[in-house]
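To keep things clear, I will list the structure first and then write my remarks on it.
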Amino acid sequence: MRGMRGTVKKIPVQTLFFITTERNKLSPFIFLMHLLTVKVNLFCLYVSLHLSSSKETINLSKNVSVSALLAFGDSFVDQGNNNYIKTLGKANFPPYGKDFEGGKPTGRFSNGKTMADILAEALGVKEYLPPSLDPSLQAKDLLSGVSFASGGTGFDPLTDKITSGIPLSDQLDNFKQYIQELKSNNGEEAANNIITNSVVLVVASTNDLLLTLLIRRLEYDLPAYVTMLVKSALDFVQEIYDLGARKIVVFSAPPVGCFPVIRTTLGGTFRNCRDEENEAAQSYNNMLKQKLQVLASNLPQSRVALVDFYNPLISIIENPSRYGIRLIH
139 MRGMRGTVKK
149 IPVQTLFFIT
159 TERNKLSPFI
169 FLMHLLTVKV
179 NLFCLYVSLH
189 LSSSKETINL
199 SKNVSVSALL
209 AFGDSFVDQG
219 NNNYIKTLGK
229 ANFPPYGKDF
239 EGGKPTGRFS
249 NGKTMADILA
259 EALGVKEYLP
269 PSLDPSLQAK
279 DLLSGVSFAS
289 GGTGFDPLTD
299 KITSGIPLSD
309 QLDNFKQYIQ
319 ELKSNNGEEA
329 ANNIITNSVV
339 LVVASTNDLL
349 LTLLIRRLEY
359 DLPAYVTMLV
369 KSALDFVQEI
379 YDLGARKIVV
389 FSAPPVGCFP
399 VIRTTLGGTF
409 RNCRDEENEA
419 AQSYNNMLKQ
429 KLQVLASNLP
439 QSRVALVDFY
449 NPLISIIENP
459 SRYGIRLIH
């Protein structure tokens, strides 16, 4: 097939990314962070891939061949899809992109590469993961993956109505169109192989816990809302599995109570992290881990990984000097 690399690299069991604000490095920002002036000198993301089994979460025991990277979710992996829709959640203006190639904003919610770019390069599939809505994409570009993600998206359907992001249901529809295009260009067998051997990222829940939870408290208590979010997350994993995905990486919720928008508006004089929001994230993460293990045990031939997005960031916030950070607010 045109555009495919001659050899496929392997993904290690555990990968440690030190992600800085130097040129062409990553410092990802979530939807609405452009409302604040945030400067981060180092952002460390520890990606520990774990395979969920029926008994416990264990490390991936074998190297995994990867043909492509596919991304679903929110602004952490939005590569510019929001440039092509009507939404206030855009990142196509400075200072976004100041450390990206050419120093110009691309629609990524980052000063440089997103973690999707970093992972795509680490996996050896491509240097930059493109947005699926980019009209300039060629057939060869599709072979090694795209991002369907949209800044502002969440597992709660109300979140997309608030932010005007691309709902996960629509991202799934775009994925189906992507599969059909792969089949048209390369044949059904080749297309199925690409999807089966792709690493699929699922990065959502942040906007649900950061924004929508405040509204949903009128009809849900926290346990009920978390249960609803986890069910939506599991349903989404099941749906992409049914469409052929077999290597699925789900990110837990980050410590949303430490996000600049929360610390600035609700953190008091000293802009402290908010325990209430962080406890909501931890509640979601704990339930997600348990339920995802059960689901994974019922998905034959799958490798389902859960990435801890919470504890590494808390470690950075509590021990900034250890990571070379001077400003964490």
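Each residue of the sequence shown is one higher than the one before, starting from 139 at the first, in my numbering.
C-beta atoms are modelled at their ideal positions from N, C-alpha and C, and glycine is treated no differently.
The structure displayed is predicted, hence computed values, not measured ones.
L430 and N457 have their C-alpha atoms roughly 30 Å apart. With a cut-off of 8 Å on Cβ pairs, the segment 384-392 is in contact with the segment 436-453, counting three or more such pairs.
By the criterion of a C-beta distance shorter than 6 Å, Y222 is surrounded in its chain by L271, once the five residues flanking it on both sides are discounted. In the three-state reduction of the DSSP assignment, R246 falls in the coil class. Beta-bridge annotation (DSSP): I386 is paired with V338, V442.
Leaving aside the five residues that flank C396 on each side, the residues in its chain whose CB is nearer than 6 Å to its CB run, in chain order, C411, I455. It is roughly 32 Å from the alpha-carbon of E239 to the alpha-carbon of Q318. Rounded to the nearest whole angstrom, the C-alpha separation of G250 and P243 is 9 Å. The DSSP assignment places complete alpha helix (DSSP H) segments of no fewer than 4 residues inside the segment 205-273 at 253-261, in order along the chain.
Exclusion of the five residues before and after T344 leaves I168, D212, A391, P392, V394 as the residues of its chain whose Cβ lies within less than 7 Å of its Cβ. With contacts defined by Cβ atoms closer than 8 Å, S288 and D237 do not form a contacting pair. Between Y422 and A229, the alpha-carbon positions lie close to 28 Å from each other. The Cβ-Cβ distance between G292 and T350 falls below 8 Å.
G227 sits close to G290, with the two beta carbons spaced by under 8 Å. The C-alpha of D298 is placed about 23 Å away from the C-alpha of Y379. According to the DSSP secondary-structure assignment, S285 is paired through a beta bridge with A209, P269.
Counting C-beta pairs with one atom in each stretch, the segment 397-409 and the segment 334-343 have fewer than three that are closer than 8 Å, which means they do not touch.
When T252, Y234, L451 are compared, the shortest CA-CA separation from A209 is found for T252. Per DSSP, the continuous alpha helix (DSSP H) segment holding E414 begins and ends at 413-434.
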